[in-house]
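Below is one structure; the comments refer to it alone.
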Amino acid sequence: MKTLSSQAEVIVAKIWRRVYRPEVAAALVFAAAMVMLLAAWTELPSRPTQGWWSVPFHFPEVLRGSATLLGLAWVVFLGVEIQRAKDGAKRLQTLGRVLVGTGVALGVGVWLWGQSSLPSAIMQLPVGQTIESISARDARGAVKVMLPYRLKVTELDASTGRGSVQISGVNEPGNIYDLEVGSPLLVNGYRISLLGLAWDERFLEATLEGTEENSISDVGTKGSKVKFTLEGPEYDVLQISRNYLQAMGPAVELGSEASGRFWVFQRAEADAMKPAAPVKLLGLKTAPMAILAVSKTEGGPVYSAAAIVFIVGLLLLLFIREEEV
3 MKTLSSQAEV
13 IVAKIWRRVY
23 RPEVAAALVF
33 AAAMVMLLAA
43 WTELPSRPTQ
53 GWWSVPFHFP
63 EVLRGSATLL
73 GLAWVVFLGV
83 EIQRAKDGAK
93 RLQTLGRVLV
103 GTGVALGVGV
113 WLWGQSSLPS
123 AIMQLPVGQT
133 IESISARDAR
143 GAVKVMLPYR
153 LKVTELDAST
163 GRGSVQISGV
173 NEPGNIYDLE
183 VGSPLLVNGY
193 RISLLGLAWD
203 ERFLEATLEG
213 TEENSISDVG
223 TKGSKVKFTL
233 EGPEYDVLQI
243 SRNYLQAMGP
253 AVELGSEASG
263 RFWVFQRAEA
273 DAMKPAAPVK
283 LLGLKTAPMA
293 ILAVSKTEGG
303 PVYSAAAIVF
313 IVGLLLLLFI
323 REEEV
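Those letters in the sequence shown? Residues 3 to 327, by this note's numbering.
See below:
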């Protein structure tokens with residue numbers, strides 16, 4: 003029995019020496035990186051267009067596999083450090099390396115695993131449209147996810163590629179947030195990213211102008227508000243039509259509490275239908291739409307813990323120079 007026990011110990015020791023090596027840990031990290039790289043390469047378009055690289059891909063199985071490989075690399079790394087401690091390495095320096103490796107593995111691994119199960123959605127929203135849910139995809143397939151707030155695009159600037167959104171709760175006015183490509187917005191556990199702008203013939207933008215003295219022009223889309231004087235009233239843009247009743251040409255329906263609902267026409271032959279307010283329609287054009295990516299974010303406390311562990315380990319490596327006692 004003792005002989006069998008001693009042989010088993012020898013075999014375990016050999017396996018330990020062969021598996022728990024820095025080269026094995028490095029190979030596992032390299033494999034995790036290559037898995038993600040090859041997965042993204044399969045989605046490379048045959049004719050790449052400008053900005054194709056900014057469109058997010060969703061590979062739940064790949065991300066989970068990479069997180070698993072990184073977890074195995076962390077286990078091998080711990081084994082390497084345990085062996086170094088047995089061979090007489092300095093305790094505090096060993097502890098520092100373990101903490102640094104743990105912080106990196108925890109942060110990256112949790113992020114990869116979390117991204118594999120978080121719903122993500124890409125949508126096109128015109129100015130003035132409000133949504134309360136997103137059609138997203140997660141590990142189970144397509145699902146409808148209710149947002150904890152109402153999201154509305156309030157402004158888009160085609161010349162700069164910037165915009166703003168209004169986020170509000172039920173019966174709440176909400177807050178306006180600026181959006182810029184490459185600078186996502188984090189609100190109530192969700193990440194909102196502006197990927198770019200698109201144009202759709204179904205969504206129109208009207209240029210209107212007041213006819214009173216000191217009036218100015220304003221641009222509106224369906225669901226937005228327009229105003230033509232500093233002290234004057236605001237009008238809701240209710241409808242926009244390229245050809246009202248298929249006969250009267252471009253027209254916009256406006257409304258306010260004081261004037262009620264009324265139509266404004268661009269064609270001269272429609273002058274007989276005077277609007278209820280001193281407003282004229284200058285023209286229509288296709289309105290830009292925001293291409294938004296909306297996804298859920300999790301793991302904030304875990305990332306904080308990983309950062310603390312990493313910093314403590316780094317400080318031990320940088321400032322502790324004790325000899326092994």
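Virtual Cβ for every residue (Gly too), placed ideally from N, Cα, C.
Exercise for the section: Give me the Cβ distance between L317 and L206, rounded to the nearest whole Å; I'm assuming they're in contact under 8 Å. Expected result: With 8 Å as the limit, L317 and L206 do not qualify as a contact, their Cβ atoms being about 60 Å apart.
Practice task
Verify whether the separation of the beta carbon atoms of V311 and T132 is less than 9 Å.
Solution key: No, the Cβ-Cβ distance between V311 and T132 is not below 9 Å.
Practice task
Select from A309, V155, R86 the residue whose C-alpha is nearest the C-alpha of L127.
Solution key: When C-alpha distances from L127 are compared across A309, V155, R86, the shortest belongs to V155.
Problem - I237, enclosing beta strand (DSSP E) - first and last residue - result: It should be noted that the sequence gives Tyr, not Ile, for residue 237. In the DSSP annotation of this structure, the continuous segment of the beta strand (DSSP E) that includes Y237 starts and ends at 236–243.
Exercise for the section: Go to Q168, then tell me how far its beta strand (DSSP E) extends in each direction, as first and last residue. Expected result: Membership of Q168 in the beta strand (DSSP E) is indicated by the continuous run 164–170.
Problem - G184 vs P150 beta-carbon contact at 9 Å - result: In this structure, P150 does not lie closer than 9 Å to G184 by Cβ.
Practice task
Quick one: using the 10 Å Cβ neighbour count with 16 as the cut-off for buried, is A321 buried or exposed?
Solution key: The sequence shown places Phe at residue 321, not Ala. Its Cβ having fewer than 16 others within 10 Å, F321 is exposed.
Handout entry: Own chain residues within Cβ distance below 7 Å of D220, not counting five before or after
Key = Result list for D220: L210, V228, K229, F230, in chain order.
Handout entry: Beta-carbon separation (whole angstroms), S135 vs M125, contact threshold 8 Å
Key = 11 Å between Cβ atoms; not a contact.
Problem - Euclidean distance between Cα positions of A309 and S297 - result: So the two alpha carbons sit approximately 23 Å from each other.
Practice task
Have a look at G67, N216, V129, W265 and flag the residue whose alpha-carbon is nearest the alpha-carbon of A160.
Solution key: Ranking the options by Cα distance to A160, first place goes to V129.
Handout entry: Closest by C-alpha distance to G198, when choosing among L294, T96, A29
Key = Among L294, T96, A29, the Cα nearest to that of G198 belongs to L294.
Exercise for the section: For G224, count neighbouring Cβ atoms within 10 angstroms of its own Cβ and tell me buried if that reaches 16, exposed if not. Expected result: Correcting the residue type first, residue 224 is Lys in the shown sequence and not Gly. Taking a 10 Å sphere around the C-beta of K224, we find 16 or more other C-beta atoms and assign the residue as buried.
Exercise for the section: Compare the beta carbon distance of V266 and K282 with 9 Å and say whether it is the shorter of the two. Expected result: Cβ atoms of V266 and K282: closer than 9 Å.
Practice task
State the Cα-Cα distance for the pair V102 and V112, rounded to the nearest angstrom.
Solution key: About 16 Å.
Handout entry: Residue burial classification, W54 (beta-carbon count within 10 angstroms, cutoff 16)
Key = For W54, the pLDDT reaches just 49, beneath the cut-off of 50, and the residue's location in the model is therefore unreliable, leaving the point undetermined.
Practice task
Kindly identify the DSSP beta-bridge partner or partners of V189.
Solution key: In the DSSP output, where bridge partners are listed per residue, V189 has Y192.
Practice task
Provide the residue(s) that pair with Q126 in DSSP beta bridges, ordered along the chain.
Solution key: Beta-bridge pairing links Q126 to I293.
Problem - Pair within 9 Å by beta-carbon distance, L80 and L114 - result: The Cβ atoms of L80 and L114 do not sit closer than 9 Å to each other.
Exercise for the section: Evaluate Q95 with the Cβ neighbour count: other Cβ atoms within 10 Å of its Cβ, from every protein chain shown; 16 or more gives buried, anything less gives exposed. Expected result: Residue burial is scored here from C-beta neighbours: Q95 has at least 16 other C-beta atoms within 10 angstroms and is therefore classed as buried.
Practice task
With a 10 Å radius around its C-beta and 16 neighbouring C-beta atoms as the bar for buried, classify V239 as buried or exposed.
Solution key: Under this definition V239 is a buried residue.
Problem - Spatial distance of A289 from G212 (CA atoms) - result: Within the model, the alpha-carbon separation for A289 versus G212 is close to 21 Å.
Problem - Collapsed DSSP secondary structure at L316 in the structure displayed - result: If DSSP states are grouped into helix, strand and coil, L316 belongs with the helices.
Handout entry: Close-in-space but distant-in-sequence residues of the same chain around L72 (CB under 8 Å, 5 per side omitted)
Key = The beta carbon of L72 lies closer than 8 Å to those of L30, V31, A34, A107, V110, G111, L114 in the same chain, with the five residues before and after it left out.
Practice task
Name, in chain order, the residues that DSSP records as bridge partners for G262.
Solution key: Beta-bridge pairing links G262 to S258.
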